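Numbering (the working numbering), first residue to last: 299 to 667.
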């Protein structure tokens, strides 16, 4: 007779003053009760998700596809770019339509490889929700030697691309859930083969998005200095490490996104086993989309939300999304970073400030003031 496994542990890497919803913590404990689960590490950007928490890394002897979700391969890449006249209003008007997919042949030519999984739908598109492409400026350099190794200095421009596998990952998860629901993968190797294609697809798509923007701006763009996926599962120490809105933190450089109206942070991550070798991936929502829409409409106009307190411009033709993704709907990125530092999970390297944030193609760009 086999002995029962000890109950899974849950650790929340956030300070007492941090905004952590009780529903999100409850979801962590629900995940901890799953068969085979050993440890759930919740990041300071933790918030409730559909069936599983977002901002968590979950180690188990059993592979659960629903813990990764449908946007397999979602991540953030940072590309150095050179723009002669970085005027936000002028550049916003030149951003291409990143909702219109590319043809497969030109897409393959752009990235110099075949499209993973043969999935040619949605190529070069950013997607909705919290996905974005942002032209940003390196603002404060907090670790000069590390920034220098990355080739970054204050005032440099970068493209930050946050997107995933689009409909490819959704198709993979649906194929599992239609048969097995939220249950484990009966054939882990078969799921991982499809999953790995989606992870590679997400990375290729981020490169395509950067190439499309660079071409439209007439600006040279370099290879990514950061490209970390935060929705994936990996095999580590004989276990399945599921990450849902948590970036790999084992010696990686990670861009932790703020909001379209605040700074983001490039960090050197050095998380250990207690944190399941993971760090936060962004500021994390503190309002549901419905609450953000209701409160935002009471406080702001659409035109107000097209400009941020930092002077940047938002390209977003979806009025509802403008409110749902307002900076006030998210936690303070400074507190998220402070929690990572306090728990010795990461060291800040530099901050970036947005100039242009693309969400959805604008049918009627804002007038020049």
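C-beta: ideal position from N, C-alpha, C; glycine also. On a predicted model such as this, the values are computed, not experimentally measured, just so you know.
Residue environment, residue 327, which counts as buried when at least 16 other CB atoms sit within 10 Å: As a working mapping, residue 327 is identified with position 29 in the chain shown. Its Cβ having fewer than 16 others within 10 Å, residue 327 is exposed.
Residues near residue 629 in its chain [Cβ-Cβ closer than 6 Å; skip 5 each side]: Translated into positions along the chain shown, residue 629 becomes position 331. Only 317, 581, 582, 584 meet the Cβ criterion.
Residue from 444, 387, 483, 627 whose Cα sits closest to the Cα of residue 552: Here the question's residue 552 lines up with position 254 in the chain shown. Minimum Cα distance to residue 552 is reached at 444.
Whole-angstrom distance between residue 400 and residue 309, CA atom to CA atom: The residue you call residue 309 lines up with position 11 of the chain shown. The residue you call residue 400 lines up with position 102 of the chain shown. Distance between the alpha carbons of residue 309 and residue 400 is about 43 Å.
Helix, strand or coil at residue 537 [DSSP, three-state]: Working through the chain shown from its first residue, we reach residue 537 at position 239. In this structure, residue 537 counts as strand in the three-state DSSP scheme.
Buried or exposed by the 16-neighbour rule on C-beta atoms within 10 Å, applied to residue 307: Numbered from 1 along the chain shown, position 9 holds the residue referred to as residue 307. Result: exposed.
Outcome for residue 398 when other beta-carbon atoms lying within 10 angstroms are tallied against a minimum of 16: Start at 1 with the first residue of the chain shown, and residue 398 comes out as number 100. Answer is exposed; the Cβ neighbour count stays below 16.
Other residues of its chain near residue 434: CB distance less than 8 Å, five sequence neighbours each side excluded: As a first step, residue 434 is located in the chain shown; it is residue number 136 there, counting from the start. These residues qualify, in order along the chain: 455, 456, 457, 458, 562, 650, 651, 652, 653.
For residue 577: DSSP bridge partner residues: To locate residue 577, count along the chain shown from 1; it is residue 279. 545, per the DSSP bridge assignment.
Bridge partner(s) assigned by DSSP for residue 532: If you number the chain shown from 1, residue 532 lands on position 234. 539, per the DSSP bridge assignment.
9 Å Cβ cutoff, residue 625 in contact with chain D: The displayed structure is made up of one protein chain only, and chain D is not part of it.
Three-way DSSP call (helix, strand, coil) for residue 386 in this model: Counting from one through the chain shown, the residue named residue 386 turns up at place 88. If DSSP states are grouped into helix, strand and coil, residue 386 belongs with the helices.
For residue 369, three-class secondary structure by DSSP: In the chain shown, the residue the question calls residue 369 occupies position 71. Shown here, residue 369 sits in coil according to DSSP, grouped into three states, outside any helix or strand.
Residue 461 and residue 425 closer than 9 Å at C-beta: The count along the chain shown starts at 1 and reaches residue 461 at position 163. The count along the chain shown starts at 1 and reaches residue 425 at position 127. Yes, Cβ-Cβ distance for residue 461 and residue 425 is below 9 Å.
Per-residue burial, residue 524 [other beta carbons within 10 Å of its own, 16 or more giving buried]: The residue labelled residue 524 in the question sits at position 226 within the chain shown. Classification for residue 524: buried.
Buried versus exposed, by CB contacts within 10 Å (16 or more), residue 504: Start at 1 with the first residue of the chain shown, and residue 504 comes out as number 206. It is buried - the Cβ of residue 504 has at least 16 other Cβ atoms within 10 Å.
Cβ shell of residue 419 (< 8 Å), same chain only, five flanking positions each side left out: For the purposes of this step, residue 419 is identified with residue 121 of the chain shown, where counting begins at 1. Taken in chain order, the residues that qualify are 399, 464, 465, 466.
Selected residue, minimal CA-CA separation from residue 293, among 476, 609, 578: There is simply no residue 293 to check, as the chain begins at 299 and stops at 667 in what is shown.
Proximity below 9 Å, CB of residue 376 to CB of residue 655: Here the question's residue 376 lines up with position 78 in the chain shown. Here the question's residue 655 lines up with position 357 in the chain shown. Taking 9 Å as the Cβ cut-off, residue 376 and residue 655 do not qualify as a contacting pair.
Backbone CA spacing between residue 349 and residue 364 [nearest angstrom]: For the purposes of this step, residue 349 is identified with residue 51 of the chain shown, where counting begins at 1. For the purposes of this step, residue 364 is identified with residue 66 of the chain shown, where counting begins at 1. Approximately 8 Å, taken between the alpha carbons.
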